[in-house]
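Below: the structure, in structure tokens.
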Amino acid sequence: MVRKTVNAIAYRAIYAYAWDLAETGVAAAVDEFKALGLNTVTIAGSYHAGKFLRPHGKAGKVYFPEDGTAYFKTTASRYGAIKPVANSLLEDRDVLRELCDKKGIATNVWLVLLHNTLLGTRHPEVTVANAFGDRYVYSLCPSHPESRAYAVGLARDVTQSYQVSGISMESPGFAPYTHGYHHEFALNQPNRWLDNQLGLCFCDHCMKGATAAGINAKALKARVARDISDYLASDIDFPADMAEAFWLADTRLDGELKAFLDWRCDIVTSLVAEIRSEVRKDATVAVIPSVARPTGGAWYEGSDLAALAKVSDFVEACFYEPGPMRAKADLFDVKRRLGGSQKLRGILRPAWPDLQTKGDFLAAVEALVDGGIQGLAFYNWGHLRAANVAWIADAMKIAERKS
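Here it is in structure tokens:
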């Protein structure tokens, strides 16, 4: 029997937060990661707010990150009007610097780019605006020059100031309407048709850019506003399957909407290309196209998987599925969309709500490795119980055995 050849998994990473590394100690954490068979720490370099349960936290079990802050020492001259805000942890220590100084493990920086409520609140003029002009302060619009300058500056800054092996960029595009904002609330039943209409950005820069591309953006904006208003004034709640069909029909039959969605993909692709051109040449640039499920739906956020693979080094997809067969199905679709490109990494969560048993987790790992994935990462050290973290050692044995 001829043994199937599978590419070696060069990127074997654990996602982690600076506060967890600081509490445990960088040296001790790195020793733990290396013992698991990992060769990279993907640490948050910029991040949003949250309320996080920390199973193996020592100083406490619940943590509230400072919203929208940077976890590395930034250089103000590398930015435009929007400048990053330093996290208070930097007053005591520079965890990223400590990690970069450790031998035997690579440091990859995870940058949350345009999802930033702190900066959106300070600079509402650069945020997404819906068809009614309502601003979504959690989402900096990727078509606005200052939003783009901030994203490029963040990626350039961290790779020039620190000897990181690369960056993984989250939220380079248009955030969806449903966000998980603090006390996000409605007494209308949500559905995809309504959410996707509400999520479209019609800020001045989107209007001007789309119009320049030959799209009747003014008419589209008016039509979207009218559709939303008529729906909210009615006594109808679209069932989920009907809402899916209605949205699909709109994207297929409304030529202006289709062109607008395609234009949004061009905007995000050009931003990623600009970042790649500005980042230190020997640093890897990976794109997390979406955290929505499944990955194929990332186009709504402006993430054209094939286009992103061409302008970056890797697409780093989140296979956040409740079972190995669903993860395998998502991988099949992502590979199909990449059109033969091998520039694909995957992220798995070895815990609820995804892969809740060790057997399911290892089956998903095997599926991704057999599917030709070029890198594998696990989310997130601080969120996982110690027992779940331990599963990663067996996952790395699978990756090694199949290399």
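All residue numbers for the sequence shown refer to my numbering, where the first residue is 3 and numbers rise by one. In this text, a Cβ means the ideal position worked out from N, Cα and C, and glycines have one as well.
{"Check": "Extent of the continuous beta strand (DSSP E) run through Cys-320", "Outcome": "316-320"}
{"Check": "Chain-order list of residues whose beta-carbon lies under 7 Å from that of Leu-162 (same chain, five-residue window excluded)", "Outcome": "The sequence shown places Gln at residue 162, not Leu. Once the five neighbours on either side are set aside, the close Cβ partners of Gln-162 are Arg-282."}
{"Check": "Val-43 versus Ala-61, Arg-14, Thr-71, residue with shortest Cα-Cα distance", "Outcome": "Arg-14"}
{"Check": "Euclidean distance between Cα positions of Thr-109 and Gln-165", "Outcome": "8 Å"}
{"Check": "Buried or exposed (CB count within 10 angstroms, at least 16 for buried), Gln-344", "Outcome": "exposed"}
{"Check": "Beta-carbon separation (whole angstroms), Leu-273 vs Pro-291, contact threshold 8 Å", "Outcome": "Actually they are not in contact, since the Cβ atoms of Leu-273 and Pro-291 sit about 13 Å apart, beyond 8 Å."}
{"Check": "Length of the line joining the Cα atoms of Gly-82 and Ala-31", "Outcome": "36 Å"}
{"Check": "Which of helix, strand or coil DSSP assigns to His-181", "Outcome": "coil"}
{"Check": "Rounded Cβ spacing between Tyr-49 and Tyr-73 (contact assumed at less than 8 Å)", "Outcome": "7 Å"}
{"Check": "Buried or exposed (CB count within 10 angstroms, at least 16 for buried), Ala-379", "Outcome": "buried"}
{"Check": "Whole beta strand (DSSP E) elements within the region 159-213, 3-residue minimum", "Outcome": "168-172"}
{"Check": "Exposure of Lys-399, with buried meaning 16 or more beta-carbon neighbours within 10 Å", "Outcome": "exposed"}
{"Check": "Exposed unless 16 or more other CB atoms sit within 10 angstroms - verdict on Glu-186", "Outcome": "exposed"}
{"Check": "Among Val-226, Thr-71, Gly-377, nearest to Phe-204 - alpha-carbon criterion", "Outcome": "Val-226"}
{"Check": "Reference Leu-116, options Ser-173, Gly-62, Thr-123, Phe-316, closest by Cα", "Outcome": "Ser-173"}
{"Check": "Trp-383: first and last residue of the uninterrupted beta strand (DSSP E) it sits in", "Outcome": "Looking at the DSSP string, Trp-383 is not in any beta strand (DSSP E), and its letter there is neither H nor E."}
{"Check": "Expected contact under 8 Å - CB spacing of Gly-211 and Val-270 to nearest Å", "Outcome": "So it is not a contact: roughly 12 Å between Cβ atoms."}
{"Check": "With 16 other Cβ atoms within 10 Å as the buried cut-off, status of Lys-85", "Outcome": "buried"}
{"Check": "Residues that Ile-349 bridges to, as DSSP identifies them", "Outcome": "Cys-320, Ala-379"}
{"Check": "Where the alpha helix (DSSP H) through Asn-390 begins and ends", "Outcome": "388-403"}
{"Check": "Contacts around Asp-315, its chain only, beta-carbon distance under 8 Å, and the 5 residues preceding and following it disregarded", "Outcome": "Gly-168, Arg-278, Thr-286, Val-287, Ala-288, Lys-345"}
{"Check": "Pairwise C-alpha distance: Asp-159 and Ala-88", "Outcome": "13 Å"}
{"Check": "Which of helix, strand or coil DSSP assigns to Ile-16", "Outcome": "strand"}
{"Check": "Span of the beta strand (DSSP E) around Trp-301", "Outcome": "Run containing Trp-301: none; DSSP gives neither H nor E here."}
{"Check": "Burial state of Thr-71, where buried means 16 or more other Cβ atoms lie within 10 Å", "Outcome": "buried"}
{"Check": "Touching by the beta-carbon criterion (3+ pairs, under 8 Å), the region 291-303 and the region 254-261", "Outcome": "no"}
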